[in-house]
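Taking it in order: structure first as structure tokens, then the write-up.
In UniProt numbering, the protein residues as written are 1 to 233.
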């Protein structure tokens with residue numbers, strides 16, 4: 001959920017706050033006490049300032065702190081967060097995270113126009129809650145457990161979304177491709193106006209199979225996003 005909302009891990013926040021403290025300490029007024037002490041404490045191995053200077057983010061910055069400006073620090077922070085995300089996605093320990101977007105950005109499913117139910121289903125799919133909990137027999141195929149992997153084949157996601165079989169999770173793949181800016185080129189708007197109702201329909205069917213109940217539809221699938229996309233056609 002942190003990645004969806006563009007929030008760093010607590011460990012990454014610690015590295016950032018430590019680096020911010022060091023950065024600010026190098027840009028204090030000349031008459032500040034810490035500014036006077038830095039030439040003496042920055043090379044003392046047991047001092048806290050020296051220990052903080054050995055953190056991952058600070059080590060990625062120029063060795064001469066006086067050359068560091070605000071823009072360089074922000075760029076280094078973004079690069080640090082991007083590298084942290086890539087390491088977790090490639091580690092193999094975060095299966096759901098590896099299916100999410102590859103960049104540190106706010107996931108479009110949190111702000112694009114859609115109904116409460118559609119947004120809820122998108123988020124639950126991302127978090128592994130749809131299908132989630134203890135796997136139960138699939139209502140369509142009782143001999144199989146209704147897992148994420150089975151749901152992809154059970155609902156024929158590859159065929160319905162016109163995605164090749166080589167893509168393991170076609171639904172997550174397309175959610176990663178959602179528009180990330182408030183304006184969309186006309187060709188993309190046309191493509192999404194065709195794909196989005198199918199995605200919403202699949203998620204609706206998933207929700208029904210997960211809860212083994214009929215969930216009524218109050219209006220056509222993906223209507224809010226389709227109305228938004230019309231402005232760019």
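All residues carry an ideal CB built from backbone N, CA and C; glycine is no exception.
In or out: residue i buried (at least 16 other Cβ within 10 Å) or exposed?
| i | result |
| --- | --- |
| residue 69 | exposed |
| residue 157 | buried |
| residue 196 | buried |
| residue 125 | buried |
| residue 99 | buried |
| residue 300 | Absent from the model: residue 300. The displayed extent of the chain is 1 to 233, so no value can be given. |
| residue 77 | buried |
| residue 214 | exposed |
| residue 211 | exposed |
| residue 131 | buried |
| residue 3 | buried |
Mind checking which residues open and close the alpha helix (DSSP H) that includes residue i?
| i | result |
| --- | --- |
| residue 14 | 10 to 25 |
| residue 39 | 33 to 41 |
| residue 206 | 186 to 211 |
| residue 215 | Looking at the DSSP string, residue 215 is not in any alpha helix (DSSP H), and its letter there is neither H nor E. |
| residue 100 | It is not in any alpha helix (DSSP H) - residue 100 carries neither H nor E in the DSSP assignment. |
| residue 163 | Counting along the chain, residue 163 falls outside any alpha helix (DSSP H), and DSSP gives it neither H nor E. |
| residue 120 | 116 to 127 |
| residue 225 | 223 to 229 |
| residue 2 | Counting along the chain, residue 2 falls outside any alpha helix (DSSP H), and DSSP gives it neither H nor E. |
| residue 176 | 170 to 176 |
| residue 49 | 48 to 52 |
What does DSSP give as the partner residue(s) for residue i in the beta ladder?
| i | result |
| --- | --- |
| residue 137 | 145 |
If you measure from the CB of residue i, is any heavy atom of the ligand HEM nearer than 7 Å?
| i | result |
| --- | --- |
| residue 79 | Among the components modelled here there is no ligand, and therefore nothing to report on the ligand HEM. |
(Q) Check whether the stretch 50 to 58 and the stretch 6 to 19 are in contact - that is, three or more C-beta pairs closer than 8 Å. (A) yes
Q. Are the stretch 218 to 233 and the stretch 185 to 201 in contact at 8 Å, needing three or more beta carbon pairs?
A. yes
Q | Segment contact flag, the stretch 170 to 184 with the stretch 73 to 90, C-beta cutoff 8 Å, min 3 pairs | A | no
**Q.** Whole runs of the alpha helix (DSSP H) within the stretch 56 to 94, excluding any shorter than 4 residues
**A.** 56 to 59 and 70 to 91
**Q.** Contact between the stretch 106 to 121 and the stretch 177 to 186 (3+ Cβ pairs under 8 Å)
**A.** yes
(Q) Would the stretch 124 to 142 count as touching the stretch 197 to 212 if we require 3 or more Cβ pairs under 8 Å? (A) yes
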